[in-house]
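Residue numbers (our numbering): 6 to 253.
For every residue, glycine included, the Cβ atom is placed at its ideal position computed from N, Cα and C.
Below is one structure, written out as structure tokens, with a few remarks after it.
Pasting the structure below:
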């Protein structure tokens, strides 16, 4: 009947209207959330200039290189005071930025990203120092007897190395050194030194055109930017200190 048909049609219209309204509400809520997120991200990005970001990336790249160099080299390398000072400054800035954002709303996700980056950089910084301390403990006599010790180590490392060697000598002296022949009863004797293995093979990557390099048993090799090479550490030590290659 016509009355029933009209009633059924009206119910269908109401269902369509409700479905349409529900979709619009959901869409509107999403747009508001997106808008809020955009505001938060824009506020974050506007707080850091392009120059600051580029400088931060550059110093982190330098930290990564000196960390890998120290990790791969059999000997202790020169302490990179300039890089470490800049890294510590960047970490302090990042920490203050995270604390400032933590006082605002809707910044949880951004804080987690910044905190992960902070932790990553701080790990490299700490591991760089840990590697150096392990080498100091292993090669303490060789390092302290070097004429270049003040350039190799910072003041804290020199104090640590001197104190560590003194403690080791006293402990070994009381334990067993007085029971062995005189020419072996002192850790500072030349024949008692532990030296790094300069013939150890390492992988390195060229960051510039190095030219022809003598790689020992492998002969001469032309090394260009981007080349990855394996060679005895003693043969690439000089070009490593020049900055034209870095260990990997």
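Contacts around residue i, its chain only, beta-carbon distance under 7 Å, and the 5 residues preceding and following it disregarded
i: residue 140; result: 81
i: residue 91; result: 64
i: residue 249; result: 211, 212, 213, 215
i: residue 230; result: 211, 212, 213, 214
i: residue 156; result: 83
i: residue 219; result: 225, 240
Boundaries (first-last residue) of the beta strand (DSSP E) holding residue i
i: residue 228; result: 225-228
i: residue 237; result: 233-237
i: residue 211; result: 206-211
i: residue 220; result: Per DSSP, residue 220 belongs to no beta strand (DSSP E) and is neither H nor E.
i: residue 250; result: 250-252
Status (buried if at least 16 other CB within 10 Å, exposed otherwise) for residue i
i: residue 176; result: exposed
i: residue 71; result: buried
i: residue 241; result: buried
i: residue 26; result: Reliability fails at residue 26, whose pLDDT of 47 lies under 50, so the model's placement of it is uncertain and no value is given.
Cβ shell of residue i (< 6 Å), same chain only, five flanking positions each side left out
i: residue 99; result: 123
i: residue 217; result: 225, 227
i: residue 232; result: 211
i: residue 130; result: 92
Contact set for residue i: own chain, Cβ-Cβ below 8 Å, skip 5 residues either direction
i: residue 132; result: 72, 76
Legend entry - Length at least 4, wholly inside the stretch 55-110: the alpha helix (DSSP H) runs in chain order: 55-77, 86-107
Legend entry - Stretch-stretch touch, CB-based, cutoff 8 Å, three pairs: the stretch 98-116 with the stretch 157-164: no
Inset, instruction - Would you list, in sequence order, the uninterrupted alpha helix (DSSP H) runs of no fewer than 4 residues that lie entirely inside the stretch 127-163? - result: 145-149, 154-157
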